[in-house]
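Numbering (my numbering), first residue to last: 16 to 278. From the three backbone atoms N, C-alpha and C, an ideal C-beta is built for every residue, glycine too. Remember, predicted model here, so these are calculated numbers, not experimental data. Worksheet: the structure to be examined is printed underneath.
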Ligand SMILES: [Zn+2]
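Encoded structure:
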């Protein structure tokens, strides 16, 4: 997740003091000093207090990037004034969403030397340090565009995104056990997944048979539209959600459509 809840990007990547690399400066909500949250659960690997209090923070596990790839992630935050907040120290662990850093104006070892903001760099992979690029700027190794790394959600306030489109995490639909009604004729399968066989009418319970499109024992088992059935268990598989009913498995939704609704 993006570490600033009030996004107001004041300088984009690949220009000015970010020439040749994917840093952004974020001024956050206003001129006051906002805090940053840990974008993932991880550990502080390096701090450079003598310069701009740069902090390198590495994920515990591989994380999902906004571009759909998975890998370890490292973020670098910079410019917090001293003293550091929230127990900042090398080896300190933070859970995703915990306060980790505060924007500041520290530059070349001097607090308040520049306008208050946070400088952010995101990288794929574990912490491996930084390097001086061809324009003379120090930048994180394996740097990556922020919008290819970070998600946002409805709790974020986007004041200015600099034209970068950050992907929203969709709120996960909460499917629970109970009664559902089919919105279409629906196949009843032997397991959760369209790769699982469609049952035969004879495999359905007596009540299930009542709602099948066919009465013939060896025909495929298809529930008529507006059949009410009981989901004893909910199975999330890939991007679909399935219900296990006494007769068999029915798809509730997939990435393109909703097939059954709770009643
Ligand atoms: Zn910067």
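DSSP state of residue 33, grouped into three classes? In the chain shown, residue 33 corresponds to position 18, counting from 1. Looking at residue 33 - three-state DSSP - the assignment turns out to be helix.
Taking only three categories from DSSP, how would you classify residue 240? One-based indexing of the chain shown puts residue 240 at position 225. Note: residue 240 maps to coil in three-state DSSP.
Which stretch, first to last residue, makes up the alpha helix (DSSP H) that contains residue 119? Within the chain shown, the letter at position 104 stands for residue 119. Taken as a continuous stretch (DSSP letters only), residue 119 belongs to no alpha helix (DSSP H), as it is neither H nor E.
So for residue 133, helix, strand or coil by DSSP? Numbered from its first residue, the chain shown carries residue 133 at position 118. Strand.
Thinking C-alpha only, which one of 175, 245, 172, 212 is nearest residue 194? Sequence index remark: in the chain shown, residue 194 carries index 179 (1-based). Ranking the options by Cα distance to residue 194, first place goes to 245.
Beta-ladder partner(s) of residue 234, from DSSP: Along the chain shown, one-based indexing puts residue 234 at 219. In DSSP, residue 234 forms no bridge with anything.
Tell me whether residue 95, by its Cβ, gets closer than 8 Å to a heavy atom of ligand 1. Taking the chain shown and counting its residues from 1, the one referred to as residue 95 is at position 80. Checking the Cβ of residue 95 against ligand 1 gives no.
With a 10 Å radius around its C-beta and 16 neighbouring C-beta atoms as the bar for buried, classify residue 10 as buried or exposed. In the structure as shown, the chain begins at 16 and stops at 278. Residue 10 is therefore absent and cannot be evaluated.
For the region 148-177, which segments carrying the beta strand (DSSP E) assignment without a break, of at least 3 residues, lie completely within its bounds, in sequence order? 153-155, 172-175
Could you pull the start and end residues of the beta strand (DSSP E) that residue 57 belongs to? For the purposes of this step, residue 57 is taken as residue 42 along the chain shown, with counting starting at 1. Start and end: 57-63.
Selection from 230, 106, 151 that minimises the alpha carbon distance to residue 70: For this step, residue 70 is matched to residue 55 along the chain shown. For the residues 230, 106, 151, the minimum Cα distance to residue 70 belongs to 106.
Exposed or buried, which one is residue 148 when buried takes at least 16 other CB atoms within 10 Å? Here residue 148 is taken as the residue at index 133 of the chain shown, counted from 1. Exposed.
Could you tell me which of 133, 192, 264 sits nearest to residue 210, measuring between CA atoms? Working through the chain shown from its first residue, we reach residue 210 at position 195. Distances from the alpha-carbon of residue 210 to those of 133, 192, 264 put 264 closest.
Which residues share a DSSP beta bridge with residue 39? Along the chain shown, one-based indexing puts residue 39 at 24. DSSP output for residue 39 lists 135 as bridge partner(s).
Leaving out the 5 sequence neighbours to the left and right, which residues in its chain are closer than 7 Å to residue 123 when beta-carbon positions are compared? Translated into positions along the chain shown, residue 123 becomes position 108. Around residue 123: 66.
Quick check on this structure: which residue in 129, 130, 156 has the alpha carbon closest to the alpha carbon of residue 142? Residue 142 sits at position 127 when you count from the first residue of the chain shown. Per the Cα distances, 156.
In the DSSP output, which residue or residues are listed as bridge partners for residue 251? To locate residue 251, count along the chain shown from 1; it is residue 236. The partner list for residue 251 (beta bridge, DSSP) reads 256.
Could you tell me which of 55, 151, 182 sits nearest to residue 35, measuring between CA atoms? One-based indexing of the chain shown puts residue 35 at position 20. Per the Cα distances, 151.
Taking the DSSP output, what are the residues bridged to residue 108? What you label residue 108 is simply residue 93 of the chain shown in a count that begins at 1. Its beta-bridge partners are 58.
For residue 53, write down the residues that DSSP places opposite it in a beta bridge. Start at 1 with the first residue of the chain shown, and residue 53 comes out as number 38. In DSSP, residue 53 forms no bridge with anything.
With 16 as the cutoff for other CB atoms within 10 Å, does residue 108 come out buried or exposed? Taking the chain shown and counting its residues from 1, the one referred to as residue 108 is at position 93. Exposed, by the Cβ-count rule.
Residue 39 beta carbon near ligand 1 (any heavy atom closer than 8 Å): Position 24 of the chain shown, counted from the first residue, corresponds to residue 39. Yes, the beta carbon of residue 39 sits closer than 8 Å to at least one heavy atom of ligand 1.
Same chain, Cβ closer than 6 Å to residue 166, neighbours up to 5 away in sequence not counted: In the chain shown, residue 166 corresponds to position 151, counting from 1. Around residue 166: 16, 81, 182, 184.
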